[in-house]
Amino acid sequence: MKALKQLVHFGWEQALSCLFPVVIFASLAITKFIPLPFLPRYDWLLIICLFMQWVMVRSGLETRDELKVITLFHIIGLALELFKVHMGSWSYPEDGFSKVFGVPLYSGFMYASVASYLCQAWRRLKVELISWPPFLVVVPLAAAIYLNFFTHHFWIDIRWWLSGLVIIVFFRTMVIYEINGSHYRMPLALSFVLIGFFIWIAENIATFFGAWEYPNQTEAWSLVHLGKVSSWLLLVIVSFLIVATLKIVKRDIETGTLSQIEEQQA
96 MKALKQLVHF GWEQALSCLF PVVIFASLAI TKFIPLPFLP RYDWLLIICL
146 FMQWVMVRSG LETRDELKVI TLFHIIGLAL ELFKVHMGSW SYPEDGFSKV
196 FGVPLYSGFM YASVASYLCQ AWRRLKVELI SWPPFLVVVP LAAAIYLNFF
246 THHFWIDIRW WLSGLVIIVF FRTMVIYEIN GSHYRMPLAL SFVLIGFFIW
296 IAENIATFFG AWEYPNQTEA WSLVHLGKVS SWLLLVIVSF LIVATLKIVK
346 RDIETGTLSQ IEEQQA
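Residues in the sequence shown are numbered consecutively from 96, following my numbering.
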């Protein structure tokens, strides 16, 4: 009975953490089947996302620090979208006033919603990390994973090498989270795989509702290839590494640990 209660509580906390992504998916579904007046669909989606972001901060569901992280992800995601659409990886076929070089500005919120989930789940579940690797390893690894999304169009794709490197670097890292006062732990690598898989499911839902379109979906919708799981896995890893690094830096500043380290290095 206790296990069921803990599972229900965990599911509730996850659902609250996913509020922003849920609103985006609901908006995609509604605007797909119920055309809204005056503006193209992509523009309405941007307005909805901006309004939802305002509500999240205004209501206290997201802190201002979390808003800064989410804004960073919006910029990172939008840069990736601009490049990928230019290279023909996918497209946004509908019209919109808020499209820049073929990319609607609302698309950045889909990446930001991943950061929103990570930040809120981190806070709600009181996440702690054990055996976290040094910054000098984490930061270059995150940068290499992100850059590979661009460079593999011109050079070899090293995603599998990077995936193997992630397993090696984070082999000993554990995630500790709290549910109703009880603590649980999970290998970080396993959490990466689980989150990446569920985002792949979300991607299928998003493409079904016309959020974007892959070349093989131009005639009719079809299931997103399972190979995309690796892409989303790496994207999740980049997202987690950025959020984790910022959280750890903030914690160390608040506790004075970072200042002590800098003084010792000096």
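Glycine included, each C-beta is placed from N, C-alpha and C at the ideal position. Computed from a prediction, not measured in an experiment: that's the story for all the values here.
Local Cβ density within 10 Å of residue i, reported as buried at 16 or more and exposed below that
i    : result
V331 : buried
Q359 : Because the pLDDT at Q359 is just 41, under 50, the model does not fix this residue reliably, and the point stays unresolved.
K194 : buried
Bounding residues of the alpha helix (DSSP H) (the contiguous stretch that carries residue i)
i    : result
S170 : Per the sequence presented here, residue 170 reads as Ile, with Ser not at that position. Per DSSP, I170 belongs to the alpha helix (DSSP H) from R159 to H181.
I274 : Run containing I274: none in the alpha helix (DSSP H); it sits in the beta strand (DSSP E), M269 to I274.
H104 : K97 to S112
L242 : F230 to T246
G259 : R254 to V264
L213 : S202 to R219
D138 : R136 to R153
Element boundaries [beta strand (DSSP E), containing residue i]
i    : result
R280 : S277 to P282
L224 : E223 to I225
Test item: CB-CB of residue i and residue j under 8 Å
i    : j    : result
H169 : A216 : no
Y241 : V333 : yes
L162 : V152 : yes
V164 : C214 : yes
L328 : F303 : no
F142 : A237 : According to the sequence shown, residue 142 is Ile rather than Phe. No, the Cβ-Cβ distance between I142 and A237 is not below 8 Å.
G259 : M205 : no
Option nearest residue i by Cα separation, candidates the options
i    : options                   : result
R218 : Q101, M96, K97 and C113   : C113
L341 : Q109, S154, L167 and F146 : L167
D138 : T126, H247 and M182       : T126
N299 : H181, Q101, V344 and A124 : A124
P229 : F265, F196, N243 and G197 : F265
V180 : T268, L134, F196 and G191 : F196
L156 : M182, S211 and L175       : S211
Can we say the segment 115 to 124 touches the segment 198 to 216, given the rule of at least three CB pairs closer than 8 Å?
With a cut-off of 8 Å on Cβ pairs, the segment 115 to 124 is in contact with the segment 198 to 216, counting three or more such pairs.
Can you confirm whether the segment 218 to 231 touches the segment 181 to 192 when touching is taken to mean that 3 or more C-beta pairs between the two stretches lie within less than 8 Å?
Fewer than three beta-carbon pairs drawn from the segment 181 to 192 and the segment 218 to 231 are found closer than 8 Å, and the two stretches are therefore not classed as touching.
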